[in-house]
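These notes are about the structure you will find just below.
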């Protein structure tokens with residue numbers, strides 16, 4: 001199964017998972033994110049890859065946790081990884097929550113791998129996108145569900161993009177034929193990419209460095225953006 | 001903060017947490033459980049202990065995972081821990097999901113401890129109630145949220161009842177003055193305890209062995225129950 005946000009990384013994961021033998025299930029989440037537009041991308045990608053099942057799960061995170069990503073109107077950071085600080089778009093424990101739901105879904109449906117498009121190279125610095133986090137979640141997954149003696153099968157989190165740069169992801173995805181035009185990265189929640197938020201800038205840099213044209217958006221400005 | 005289901009164990013955790021200096025927040029979940037009646041108990045307990053905040057979180061788990069606990073009408077097991085099998089009331093990855101949401105809430109509200117009433121002695125055998133699970137979740141919690149260098153403070157899962165028998169929990173809770181009459185254990189979803197499900201039987205045995213009268217329910221049959 002694949003955690004499918006609708007962005008570049010999860011789309012690449014979907015392409016990777018679809019090369020396997022078994023059926024692929026995709027899970028997407030509406031958790032109060034401003035850029036709920038990404039869900040439309042997730043749906044289109046799921047259809048394109050003919051997944052066995054695509055479930056959209058509503059979680060009331062915006063009422064529970066504090067983040068610029070779930071608070072419309074609050075400013076979005078424009079530069080990633082400044083002085084190692086965690087940007088305001090970090091959603092507390094979000095990936096733990098999404099992976100835990102995925103774990104329950106995988107156990108219920110007999111799926112043994114969860115593709116998770118976390119990336120710790122060209123990323124925003126979120127703690128729950130790092131290799132240590134993925135390792136700790138895998139250790140949890142071994143204990144959180146039915147063990148082999150109890151009729152269960154091991155479920156593993158697979159994070160194939162963890163140590164790749166955005167340019168490498170663009171190259172890999174292009175090789176796999178990922179329909180980039182269907183993906184969505186911008187955090188801002190507008191109808192077109194804002195070209196200024198972290199997600200837009202990381203995307204633009206990835207395409208530029210990979211020497212691939214981004215079919216979705218017009219060129220993204222990379223100079224200093226107003227705060 | 002306390003994960004407050006409304007049962008005996010979480011009520012005892014609430015009593016323990018309330019003895020501390022700081023404010024106590026409680027989180028309860030409507031996840032499609034048949035015994036949503038327990039939420040009324042959670043609300044009464046939260047009021048009784050004058051918690052700072054009590055949030056009831058809706059999660060659509062019943063549509064995502066398979067369990068007798070979220071499927072009205074499916075039979076409930078009447079004997080706990082038969083041959084080490086996991087009973088049908090196990091909800092896949094439920095405690096991982098609830099703790100992950102609690103983790104995000106705790107980080108957002110500056111709370112550093114999550115009381116979790118898991119018990120691995122007189123319990124139904126669920127994998128996510130065992131010491132290994134609690135240990136693995138704590139290891140995850142250290143990596144899943146902002147670290148000390150990033151302006152975060154460590155958040156710890158505290159499971160004070162993990163290695164206590166139900167009778168010991170009854171004795172501890174009675175000493176702390178837990179209002180047992182406000183708690184709810186039965187899984188069946190009726191207006192009165194069914195007296196036959198695992199939860200009812202574990203409760204009855206705990207009170208009997210502790211030599212304490214259960215103020216809520218009439219005596220629970222402990223003989224062999226029809227399958």
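Protein chains in written order, with the numbering used here: chain A, 1 to 227; chain B, 1 to 227. Here a beta-carbon is modelled for each residue, glycine too, at the ideal position from N, C-alpha and C.
Item                                                                                                                          : Value
beta-carbon residue 29/A near the ligand NAD non-hydrogen atom, thresh 7 Å                                                    : Among the components modelled here there is no ligand, and therefore nothing to report on the ligand NAD.
Minimum length 4: unbroken alpha helix (DSSP H) runs contained in the region 7–57 of chain A                                  : 8–18, 38–48
Where residue 148/B falls, given that 16 or more other Cβ within 10 Å makes a residue buried                                  : exposed
Between the CA atoms of residue 90/A and residue 108/B - distance to the nearest angstrom                                     : 11 Å
Assigned secondary structure, residue 227/A (DSSP; H/G/I helix, E/B strand, else coil)                                        : In this prediction, residue 227/A scores a pLDDT of 36, lower than 50, which makes its location untrustworthy; the coordinate-derived value is nonetheless stated afterwards. Reduced to three states, the DSSP call for residue 227/A is coil.
Cβ-based burial, residue 203/A [other Cβ within 10 Å; buried from 16]                                                         : buried
Contact list for residue 65/B against chain A, beta-carbon separation under 8 Å                                               : 104, 105, 107, 108
Chain-ordered neighbours of residue 128/A on chain B, where CB pairs are closer than 7 Å                                      : 144
7 Å CB neighbourhood of residue 159/A in its chain, flanking five on each side removed                                        : 116, 118, 134
DSSP-derived helix/strand/coil call for residue 176/A                                                                         : helix
Proximity test, Cβ basis, 8 Å: residue 116/A and chain B                                                                      : no
Alpha-carbon spacing of residue 17/A relative to residue 208/A, whole angstroms                                               : 26 Å
Neighbourhood of residue 52/A by C-beta distance below 8 Å, restricted to the same chain and skipping five residues each side : 23, 24, 25
Three-state class that DSSP yields for residue 142/B in the structure shown                                                   : helix
Contact between the region 64–74 of chain B and the region 121–132 of chain B (3+ Cβ pairs under 8 Å)                         : no
Those runs of the alpha helix (DSSP H) which lie wholly inside the region 148–203 of chain B and span at least 4 residues     : 166–176
Contact list for residue 101/A against chain B, beta-carbon separation under 7 Å                                              : 64, 97
Contact between the region 181–192 of chain A and the region 151–170 of chain B (3+ Cβ pairs under 8 Å)                       : no
Min CB distance residue 121/B to chain A below 8 Å                                                                            : no
CB contact below 8 Å: residue 136/A versus chain B                                                                            : yes
The region 53–72 of chain B contacting the region 33–53 of chain A, beta-carbon criterion three pairs below 8 Å               : no
Close Cβ partners of residue 215/A (< 8 Å) along its chain, the five nearest in sequence each way excluded                    : 180, 181
Through-space distance from residue 151/A to residue 192/A, alpha-carbon basis                                                : 48 Å
Under 7 Å by beta carbon: chain A residues contacting residue 57/B                                                            : 60, 64
Which residues DSSP lists as bridging residue 3/A, in chain order                                                             : 27/A
Buried versus exposed, by CB contacts within 10 Å (16 or more), residue 38/A                                                  : buried
For residue 30/B and residue 62/B, the rounded distance between their alpha carbons                                           : 10 Å
Per-residue contacts from residue 150/A into chain B (C-beta, under 8 Å)                                                      : 84, 85, 86, 127
Other residues of its chain near residue 123/B: CB distance less than 6 Å, five sequence neighbours each side excluded        : 129
Closest residue to residue 5/B among 20/B, 137/B, 44/B, 64/B (Cα-Cα distance)                                                 : 44/B
As assigned by DSSP and simplified to three states, the class of residue 126/B                                                : coil
Option nearest residue 255/A by Cα separation, candidates 190/A, 57/A, 103/A, 206/A                                           : Outside the displayed span of chain A (1 to 227) sits residue 255/A, for which this structure offers no information.
Separation of residue 199/B from residue 211/B, as counted between CA atoms                                                   : 18 Å
Cutoff 8 Å: residue 94/A Cβ touching any chain B Cβ                                                                           : yes
Any C-beta of chain A under 8 Å from that of residue 209/B                                                                    : no
Alpha carbon of residue 125/A to alpha carbon of residue 11/B, nearest angstrom                                               : 38 Å
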